[in-house]
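If you use the numbering used here, the sequence shown corresponds to residues 17 to 106, in order.
Take a look at the structure set out below.
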Amino acid sequence: MLSNFPPAGSAILYKHCGLLEKQERGQEVKKVRFFHGKVSRQGLEYLGQYISEWAEENNIEMKAVSQTFGQAPTGLSGSLEDVLFVGVWY
Numbered sequence: 017m018l019s020n021f022p023p024a025g026s027a028i029l030y031k032h033c034g035l036l037e038k039q040e041r042g043q044e045v046k047k048v049r050f051f052h053g054k055v056s057r058q059g060l061e062y063l064g065q066y067i068s069e070w071a072e073e074n075n076i077e078m079k080a081v082s083q084t085f086g087q088a089p090t091g092l093s094g095s096l097e098d099v100l101f102v103g104v105w106y
């Protein structure tokens with residue numbers, strides 16, 4: 017987890033996510049948590065439910081959310097599968 021606002025070298029990603037504007041308005045971003053799930057109807061439904069439950073159980077006020085599509089090794093075989101990576105800044 018990040019304990020401080022992202023470093024200046026990461027400004028492009030964080031500006032895209034709206035984090036620089038939030039910091040300027042006094043909304044400090046202190047932590048980030050990443051989630052990933054398979055790209056399928058069932059996988060996306062599970063990912064959405066999991067993130068929602070995590071946020072509700074921990075009383076999380078989300079400052080920004082980013083999503084990235086990619087491939088990662090999964091399962092016992094380690095073969096590449098399409099996955100969605102979600103970053104939640106709070």
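We put the CB at the ideal spot given by N, CA and C, even for glycine.
Because the structure is a prediction, the values reported are computed rather than measured.
| Item | Value |
| --- | --- |
| Segment contact, 8 Å Cβ cut-off, at least three pairs: the region 97 to 106 with the region 59 to 72 | yes |
| Val81 to Trp105 span [Cα, whole Å] | 6 Å |
| Classification of Lys46 by the beta-carbon crowding that lies within 10 angstroms, buried from 16 upward | exposed |
| Beta-bridge pairing of Gln83 - partner residues as DSSP gives them | Val102 |
| Contacts around Ile76, its chain only, beta-carbon distance under 8 Å, and the 5 residues preceding and following it disregarded | Trp70, Val104, Tyr106 |
| Ala7 versus Ser56 - alpha carbon distance | The first residue shown for the chain is 17 and the last is 106, placing residue 7 beyond what the model contains. |
| Distance, Ile67 Cα to Phe51 Cα | 8 Å |
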